[in-house]
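For reference, each letter of the sequence shown is one residue, going 576 to 835 in the numbering used here.
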Amino acid sequence: MKIHSALSLFAIISLFLVSCSTPSYFVPAVAGNDVTYLPKPMGSDSINVKNYISGSIGGLILPYSSGDLTMGFLNFSRAHTSKNVNIAYGAFGFAGETNYDTEYNKTNGIPEFDGKGIFGGGLRTSIGYYDNAGNAEFRILSWENALSFESGSYSDFRQKMRELNDPNIVSSKKTTLFTTGGATEIIWHGKKNINNHFAFRLFYGVTPGLNSSLKTQYNLDVNGGAFDFAFYFKLNKFFGILNTGANKGGTSKLSLGYSF
C-alpha cells in the first residue's frame, strides 16, 4: 500500500514537472555588454593622457534557450592618470541582430524573435584610486558607469511580447539602461618593455529598473546584478580586451584597438 502511494505521488510530481515549461526571456540588447573595460595609462607611463579607439564583437545568450544576439561595437574613450587617481570617459555605438536556431529545441520557442535588428549608442565613465608596487599597479577600487540607448525592431518586439501578458513570456520594454557599480583591477607592465601592459579586472554592479521591468503578474522571481570579468593587454600602441559576464543573460565581447 505504501509502495502504491509512493508511486502515485511520484507520478503526480513527474506529470507536474513535465507540464511546466521555462519561459521565453527577452532583455535589452546591451544588458551586460554596456559596461566594459576602459583602458587607462599606468602611473609609470611617460604620457598620462591617452585616447583609445576600438572595434568589438559581442554576444548575449538569453536565459532558458530563448535565443541569442550578436552585435558589433565602435568605441572611443579618453583617459587621464595622475598620482593615485585615474579617470576615463567615452562613447560607443552598436548594431546587430537577433538569432533563433532550431538547435535551441525549446518547447515554447518564439521563432518570430529571429532576425530582429538592433542599433543604439551610449556613454561610459570610470574613476578610481590606485597604488603601485614595482612594475604592478593595484587599482583598488573604481566607480564605473554606462548609459545606453537602444532602438530597432528588437526593442519593438520586446514591447509587443510584454503586452501579450503571456505567463510563458518574460520581456522588458526598457530601451534606456544605466548600469553602475564598482571594479577592482591589477595591471602590470613588462620589465623589458614598459609599454606592454597586462591586466585583470572584476566588476559588479546593478542596472536600476531592469529587474522590476521583467516582473509580471505571475510573480516570477527576478533578481541579481551585473557581473563582468575582463582581461586586457596592450603591446606598444595596440590593445585587446576580452570580456565575459552576465546581466540576465550570458555575455561575451572581444575588442581590438589602437591608443594614441
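The C-beta atom is built at its ideal place from N, Cα and C for all residues, glycine as well.
Contact belief for residue i with residue j at Cβ below 8 Å, rounded distance in angstroms
{"i": "residue 832", "j": "residue 633", "result": "Going by Cβ atoms, the distance from residue 832 to residue 633 rounds to 14 Å, so no, they are not a contact pair."}
{"i": "residue 608", "j": "residue 748", "result": "That pair is no contact at about 19 Å."}
{"i": "residue 708", "j": "residue 761", "result": "With a Cβ gap of about 10 Å, residue 708 and residue 761 do not count as contacting."}
{"i": "residue 687", "j": "residue 645", "result": "Not quite, the Cβ-Cβ distance comes to about 18 Å (not below 8 Å), so this is no contact."}
{"i": "residue 610", "j": "residue 780", "result": "7 Å"}
{"i": "residue 635", "j": "residue 600", "result": "Actually they do not touch by this definition, with Cβ atoms about 11 Å apart."}
{"i": "residue 837", "j": "residue 773", "result": "Outside the shown range of the chain, which is 576 to 835, sits residue 837, and nothing can be said about it."}
Three-state class that DSSP yields for residue i in the structure shown
{"i": "residue 786", "result": "helix"}
{"i": "residue 827", "result": "strand"}
{"i": "residue 667", "result": "strand"}
{"i": "residue 726", "result": "strand"}
{"i": "residue 606", "result": "coil"}
{"i": "residue 675", "result": "coil"}
{"i": "residue 746", "result": "strand"}
{"i": "residue 688", "result": "helix"}
{"i": "residue 640", "result": "helix"}
{"i": "residue 578", "result": "With a pLDDT of 48 at residue 578, under the threshold of 50, the modelled position of this residue cannot be trusted, and the question is left open."}
{"i": "residue 835", "result": "coil"}
Spatially closest choice to residue i from the options, by CA coordinates
{"i": "residue 642", "options": "696, 733, 627, 661", "result": "733"}
{"i": "residue 616", "options": "807, 754, 654, 638", "result": "654"}
{"i": "residue 751", "options": "688, 727, 742", "result": "727"}
{"i": "residue 702", "options": "656, 687, 674", "result": "656"}
{"i": "residue 736", "options": "693, 791, 826", "result": "791"}
{"i": "residue 818", "options": "811, 689, 614", "result": "614"}
{"i": "residue 697", "options": "731, 599, 604, 683", "result": "604"}
{"i": "residue 720", "options": "768, 665, 669, 704", "result": "665"}
{"i": "residue 823", "options": "639, 625, 611, 612", "result": "639"}
{"i": "residue 669", "options": "662, 835, 692, 663", "result": "692"}
{"i": "residue 628", "options": "648, 636, 637, 635", "result": "648"}
{"i": "residue 597", "options": "834, 690, 635, 741", "result": "741"}
{"i": "residue 661", "options": "624, 690, 674, 651", "result": "624"}
{"i": "residue 825", "options": "804, 814, 813", "result": "804"}
{"i": "residue 814", "options": "771, 659, 730, 778", "result": "771"}
Residue interval of the beta strand (DSSP E) (run including residue i)
{"i": "residue 697", "result": "692-708"}
{"i": "residue 652", "result": "643-657"}
{"i": "residue 600", "result": "599-601"}
{"i": "residue 755", "result": "751-764"}
{"i": "residue 809", "result": "801-810"}
Proximity test, residue i beta-carbon vs the ligand FAD heavy atom, cut-off 8 Å
{"i": "residue 737", "result": "With respect to small molecules bound, the structure shown includes none, and the ligand FAD cannot be examined in it."}
- Query: Okay, do the region 753-771 and the region 799-811 touch, 3+ Cβ pairs below 8 Å being the bar?
  - Reply: yes
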